[in-house]
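> Next up is a structure, given as structure tokens.
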Amino acid sequence: MSGVVMEAVNVAKVLGTGPAQVRALKGVNLTLRGGELTLLMGPSGSGKTTLLSILGCMLTPTEGTVRVRGESVEGRGPEELAKLRRENIGYVFQSYHLFPTLTAADNVRLALDVRDEGGRKAKARAKDALARVGLAQKTINYPRQLSGGEQQRVAIARAVVGDPSVVLADEPTAALDSENGKAIMGILAEIAKDPNRGVLVVTHDPRLVPYADRIVHIEDGNIVREETRGGTRREETGRA
């Protein structure tokens with residue numbers, strides 16, 4: 340396992356105003372390391388999706404900060420945050436978010452297009468990324484010609500084609516049957532072996548636990564427990 344690729348430092352988030360105000364996160368500390376697949380588990384309303392959005396620099400914390408490769412994102416403007424996301428973070432969602440009029444390869448290349456990377460090199464990288472997720476023979480297929488599991492593989496290829504430091508996955512198996520869900524988690528676990536990349540999977544599904552190097556439990560906006568695959572357990576409210 341390599342070094343720290345991302346940190347949440349004393350992150351708190353208040354949502355809403357007045358009587359409807361909710362403190363969704365209450366001073367969370369979370370560290371993601373290269374070469375590690377971390378599961379973030381908790382019930383609905385626990386704050387896990389809010390935390391994922393803050394780690395992905397799509398939501399600004401009310402208090403605290405996020406560090407990517409040791410650099411704080413605090414005070415950065417929208418353009419700076421967008422650049423940071425493009426260069427360091429890959430996303431996988433429950434819904435695949437593929438463009439129906441683009442082939443699998445073209446959907447993957449979108450992640451390079453936004454970084455102004457094109458031409459033959461981008462095409463080759465897209466094909467290589469699809470091969471890594473077992474879709475070498477599906478590069479010219481459109482989403483409608485792919486199964487749900489295959490579409491999620493395309494989404495994973497798109498997430499990793501730019502060699503991000505962190506892959507954030509929000510319920511990536513929720514829309515899939517058990518067999519396809521296992522295949523997707525196997526791919527994410529393989530991606531997480533890269534010592535320069537950390538993978539965080541948000542889920543409430545205990546069937547994903549065997550794929551994790553570490554399981555972090557969140558309840559009511561606090562990190563309440565952490566487990567490692569070796570069985571080490573740590574009780575610590577607000578920290579991981």
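Using the working numbering, the first residue of the sequence shown is number 340, and each one after it goes up by one.
In this text, a Cβ means the ideal position worked out from N, Cα and C, and glycines have one as well.
Beta carbon of Ser301, beta carbon of Asn427: below 7 Å?
Lying before the first or after the last residue shown, residue 301 is absent from the chain, which here runs from 340 to 579.
> Which residue spans inside the stretch 361-428 form an unbroken alpha helix (DSSP H) run of at least 4?
Those alpha helix (DSSP H) runs which fall completely within the stretch 361-428 and span 4+ residues are 387-394, 417-427.
> Per DSSP, what are the beta-bridge partners of Ala350 in this structure?
For this step, residue 350 is matched to residue 11 along the sequence shown. Position check: residue 350 holds Val in this sequence, whereas Ala was assumed. Bridge partners of Val350: Val367.
> Hey, could you find the ends of the alpha helix (DSSP H) Ile530 is sitting in?
Start at 1 with the first residue of the sequence shown, and residue 530 comes out as number 191. Start and end: 517-530.
> Express the C-alpha separation of Cys396 and Met524 in angstroms, rounding to a whole number.
The residue labelled residue 524 in the question sits at position 185 within the sequence shown. The residue labelled residue 396 in the question sits at position 57 within the sequence shown. Their backbone Cα atoms lie some 24 Å apart in a straight line.
> Mark Asp502 as exposed unless 16 or more other C-beta atoms lie within 10 angstroms of its C-beta, in which case mark it buried.
Sequence index remark: in the sequence shown, residue 502 carries index 163 (1-based). Asp502 is exposed by the Cβ-count criterion.
> Can you list, in chain order, the stretches of the alpha helix (DSSP H) that have 4 or more residues and sit fully within the stretch 462-504?
487-499
> Based on Cα-Cα distance, which residue from Asp516, Val343, Val555 lies nearest to Gly488?
Your numbering for residue 488 matches position 149 in the sequence shown. Nearest to Gly488 by alpha-carbon distance, out of Asp516, Val343, Val555, is Asp516.
> Return helix, strand or coil for Asp445, following the three-state DSSP convention.
Residue mapping note: residue 445 aligns to position 106 of the sequence shown, counting from 1. Asp445: helix per DSSP, three-state reduction.
> Over the uninterrupted beta strand (DSSP E) stretch that includes Arg568, give me the two end residues.
Counting from 1 along the sequence shown, the entry for residue 568 is found at position 229. Taken as a continuous stretch (DSSP letters only), Arg568 belongs to no beta strand (DSSP E), as it is neither H nor E.
> Mapping DSSP to helix, strand and coil, what is Val548?
Translated into the one-based positions of the sequence shown, residue 548 becomes position 209. If DSSP states are grouped into helix, strand and coil, Val548 belongs with the helices.
> So which of Gln484, Met345, Ile530 has the shortest CA-CA distance to Ala443?
Position 104 of the sequence shown, counted from the first residue, corresponds to residue 443. Considering only Gln484, Met345, Ile530, the residue with the shortest C-alpha distance to Ala443 is Gln484.
> So, using beta-carbon positions, are Leu469 and Ala496 closer together than 7 Å?
Your numbering for residue 469 matches position 130 in the sequence shown. Your numbering for residue 496 matches position 157 in the sequence shown. The answer is yes: Cβ separation under 7 Å.
> So, does the stretch 379-393 touch the stretch 550-569, judging by three or more C-beta pairs under 8 Å?
yes
> Leaving out five residues on either side along the sequence, give the residues of the same chain with a beta carbon under 7 Å from the beta carbon of Tyr430.
Locating residue 430 in the sequence shown gives position 91, where the first residue counts as 1. Gly395, Ala498, Leu507.
> Figure out for me which residue from Ala359, Ala351, Leu379 has the closest Cα to the Cα of Gly366.
Locating residue 366 in the sequence shown gives position 27, where the first residue counts as 1. Considering only alpha carbons, the answer is Ala351.
> Distance, Cα to Cα, Lys532 vs Glu375?
Start at 1 with the first residue of the sequence shown, and residue 532 comes out as number 193. Start at 1 with the first residue of the sequence shown, and residue 375 comes out as number 36. Going by the C-alpha atoms only, they are around 7 Å apart.
> Which residue from Met380, Leu354, Val538 puts its Cα closest to that of Arg546?
Here residue 546 refers to the residue found at position 207 of the sequence shown. Of the candidates Met380, Leu354, Val538, the one whose C-alpha sits nearest the C-alpha of Arg546 is Met380.
> Grab the span of the beta strand (DSSP E) containing Gly537 for me, first residue to last.
As a position in the sequence shown, residue 537 is number 198, starting the count at 1. That run of the beta strand (DSSP E) goes 537-542.
> Report the CB separation of Ile393 from Pro382 in whole angstroms; it is logged as a contact under 8 Å.
Sequence index remark: in the sequence shown, residue 393 carries index 54 (1-based). Sequence index remark: in the sequence shown, residue 382 carries index 43 (1-based). Wrong, their Cβ atoms sit about 19 Å apart, outside the cutoff.
> Skipping 5 residues on each side, what residues in its chain have a beta carbon closer than 7 Å to that of Gly355?
Numbered from its first residue, the sequence shown carries residue 355 at position 16. Correct list, in chain order: Val361.
> Look up Asp533 in the DSSP assignment and say whether it is helix, strand or coil.
For this step, residue 533 is matched to residue 194 along the sequence shown. DSSP places Asp533 in coil when its eight states are reduced to three.
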